[in-house]
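The structure under discussion appears below in the form of structure tokens.
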Amino acid sequence: MLFTENTSDEELVRQFADEANRESIFRIIMKRYGAKLYAHVRSFFVTHEEADDIVQNTFVKAWRSLPRFRAEASLYTWLYKISTNETLTFIRNRKNKATVSLDDDDQYLQLPSVETGTHRSGEYIAAKLKAAIEQLPEKQRIVFNMKYFEEMKYEEMSEILGTSVGALKASYHFAAKKIENYLEND
Amino acid sequence: MKLDDYKGKFNFNPPEGYFDTFADRVMERIAQEDKRKSASRGRILKLAAWITSAAAVILAGIFIFKEQQPAPVHENVTYEDYATYSLIESSSTYSLCDYFYDNSTAQEVTYSASEFADYGFRLTGDMIIEEY
Numbered sequence: 001m002l003f004t005e006n007t008s009d010e011e012l013v014r015q016f017a018d019e020a021n022r023e024s025i026f027r028i029i030m031k032r033y034g035a036k037l038y039a040h041v042r043s044f045f046v047t048h049e050e051a052d053d054i055v056q057n058t059f060v061k062a063w064r065s066l067p068r069f070r071a072e073a074s075l076y077t078w079l080y081k082i083s084t085n086e087t088l089t090f091i092r093n094r095k096n097k098a099t100v101s102l103d104d105d106d107q108y109l110q111l112p113s114v115e116t117g118t119h120r121s122g123e124y125i126a127a128k129l130k131a132a133i134e135q136l137p138e139k140q141r142i143v144f145n146m147k148y149f150e151e152m153k154y155e156e157m158s159e160i161l162g163t164s165v166g167a168l169k170a171s172y173h174f175a176a177k178k179i180e181n182y183l184e185n186d
Numbered sequence: 187m188k189l190d191d192y193k194g195k196f197n198f199n200p201p202e203g204y205f206d207t208f209a210d211r212v213m214e215r216i217a218q219e220d221k222r223k224s225a226s227r228g229r230i231l232k233l234a235a236w237i238t239s240a241a242a243v244i245l246a247g248i249f250i251f252k253e254q255q256p257a258p259v260h261e262n263v264t265y266e267d268y269a270t271y272s273l274i275e276s277s278s279t280y281s282l283c284d285y286f287y288d289n290s291t292a293q294e295v296t297y298s299a300s301e302f303a304d305y306g307f308r309l310t311g312d313m314i315i316e317e318y
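Read top to bottom, the protein sequences are chains C and B. Just so we're aligned, residue 1 is where the first sequence starts under our numbering, counting upward by one. Just so we're aligned, residue 187 is where the second sequence starts under our numbering, counting upward by one.
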């Protein structure tokens, strides 16, 4: 059977059970969702190398778990969840490591530069925002990233995080307020 | 600095050409992990086979060693002990009781251990003499 970029997710998942098709199917899935997942992971303040590592981990795990995937959620939502978990695991491990070496930690905590259009440099804005976001609790940080950087709809976020839309709105509101306060007072 | 001023302005794109080789690198990584897992599974199986063989050899060794052991020799056994043992071994409870009854006086007698052994030996000796 020939699989193309137009083959539906459902069909790809169904045919993945056949070992002969696996690699070609998986290559289509990586091509379809790799960039979106990369952007999601990259928004968590990690450098390209770390984002690359996490996105690769995500797909390696997906390869191993896809035969057990039960289409309760969409394939993208499932992959997104894996990448979020991988990112959080990485951040937690990095925090533990940072207690040993603060110098190493610095390189992980950089946002990419931003087009400011003001007298302030992109690096300056990115560094300030990064420091502000790091003050947030883990859950608020995830919600903030998904909404602010990825501009995701609350309904989508609700499906991925398993939290009500109302709770997500409140969470984003508190997170944004905290960041604004941080930026104003600094 | 207003938060909304920078919304959607961050660039999270990967370096150019990143996705050209991405799928190949992931597949390569999966293949390497599979190879490593398979090698480590092979090592575990080898180790299990080695442990099983070693246990079998040890058990066989213990069995053979026990089989080759001579019957225990009791060097400090006295003639008296032996006679007592022989008497008890060759007598049923009923016949042993008979020996405690002296026919000449029609009374029960009490023997010390050595007397009892000696009596047993003499009795056996008499029986042998009688046979000849």
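Glycine is no exception: its CB is placed at the ideal position from the N, C-alpha and C atoms. It should be emphasised that the depicted structure is a prediction, and the values quoted were computed from it without experimental measurement.
Please list the partners that residue i has in chain C, where partner means a Cβ-to-Cβ separation under 7 Å.
{"i": "residue 211 of chain B", "result": "56"}
{"i": "residue 215 of chain B", "result": "56, 60"}
{"i": "residue 253 of chain B", "result": "Simply none; closest approach about 53 Å."}
{"i": "residue 193 of chain B", "result": "148"}
{"i": "residue 208 of chain B", "result": "30, 34"}
Apply the 10 Å Cβ neighbour rule to residue i and answer buried if 16 or more other Cβ atoms are within range, or exposed otherwise.
{"i": "residue 50 of chain C", "result": "buried"}
{"i": "residue 217 of chain B", "result": "exposed"}
{"i": "residue 44 of chain C", "result": "buried"}
{"i": "residue 8 of chain C", "result": "exposed"}
{"i": "residue 140 of chain C", "result": "buried"}
{"i": "residue 58 of chain C", "result": "buried"}
{"i": "residue 147 of chain C", "result": "buried"}
{"i": "residue 66 of chain C", "result": "buried"}
{"i": "residue 176 of chain C", "result": "buried"}
{"i": "residue 242 of chain B", "result": "exposed"}
{"i": "residue 2 of chain C", "result": "exposed"}
{"i": "residue 226 of chain B", "result": "exposed"}
{"i": "residue 323 of chain B", "result": "Any answer about residue 323 of chain B is impossible in this case: the structure gives chain B only from 187 up to 318."}
{"i": "residue 185 of chain C", "result": "exposed"}
{"i": "residue 237 of chain B", "result": "exposed"}
For residue i, which of helix, strand or coil comes out of DSSP?
{"i": "residue 196 of chain B", "result": "strand"}
{"i": "residue 69 of chain C", "result": "coil"}
{"i": "residue 185 of chain C", "result": "helix"}
{"i": "residue 235 of chain B", "result": "helix"}
{"i": "residue 146 of chain C", "result": "helix"}
{"i": "residue 188 of chain B", "result": "coil"}
{"i": "residue 89 of chain C", "result": "helix"}
{"i": "residue 74 of chain C", "result": "coil"}
{"i": "residue 8 of chain C", "result": "coil"}
{"i": "residue 151 of chain C", "result": "coil"}
{"i": "residue 83 of chain C", "result": "helix"}
{"i": "residue 180 of chain C", "result": "helix"}
{"i": "residue 101 of chain C", "result": "A caution first: residue 101 of chain C carries a pLDDT of 43, below 50, which makes its placement in the model too unreliable to give a value."}
{"i": "residue 203 of chain B", "result": "coil"}
{"i": "residue 166 of chain C", "result": "helix"}
Since residue i and residue j should fall inside the 8 Å C-beta cutoff, what is the C-beta to C-beta distance between them, to a whole number of angstroms?
{"i": "residue 222 of chain B", "j": "residue 56 of chain C", "result": "16 Å between Cβ atoms; not a contact."}
{"i": "residue 87 of chain C", "j": "residue 41 of chain C", "result": "5 Å"}
{"i": "residue 84 of chain C", "j": "residue 142 of chain C", "result": "7 Å"}
{"i": "residue 62 of chain C", "j": "residue 82 of chain C", "result": "6 Å"}
{"i": "residue 15 of chain C", "j": "residue 6 of chain C", "result": "With a Cβ gap of about 14 Å, residue 15 of chain C and residue 6 of chain C do not count as contacting."}
{"i": "residue 212 of chain B", "j": "residue 60 of chain C", "result": "7 Å"}
{"i": "residue 136 of chain C", "j": "residue 80 of chain C", "result": "Not quite, the Cβ-Cβ distance comes to about 20 Å (not below 8 Å), so this is no contact."}
Give the interface partners of residue i over in chain B, defined as CB-CB distance under 8 Å, in chain order.
{"i": "residue 43 of chain C", "result": "196, 198"}
{"i": "residue 180 of chain C", "result": "188, 189"}
Mind pulling the chain B residues with CB within less than 9 Å of residue i?
{"i": "residue 48 of chain C", "result": "200, 201, 204"}
{"i": "residue 129 of chain C", "result": "187, 189, 192, 196"}
Name, please, each residue of chain B whose Cβ falls closer than 7 Å to the Cβ of residue i.
{"i": "residue 17 of chain C", "result": "Those do not exist, as residue 17 of chain C stays about 17 Å from chain B at its closest Cβ, beyond 7 Å."}
{"i": "residue 23 of chain C", "result": "213"}
{"i": "residue 157 of chain C", "result": "Within 7 Å Cβ-Cβ: nothing; residue 157 of chain C doesn't reach chain B, min ~16 Å."}
{"i": "residue 27 of chain C", "result": "209"}
inquiry  = Runs of 3 residues minimum, wholly inside the stretch 14-62 of chain C: which ones carry the beta strand (DSSP E) assignment?
reply    = none
query = What are the uninterrupted segments assigned as alpha helix (DSSP H) that are 4 or more residues long and contained completely in the stretch 208-255 of chain B, given in chain order?
reply = Taken in chain order, the whole alpha helix (DSSP H) runs of length 4 or more contained in the stretch 208-255 of chain B are 208-254.
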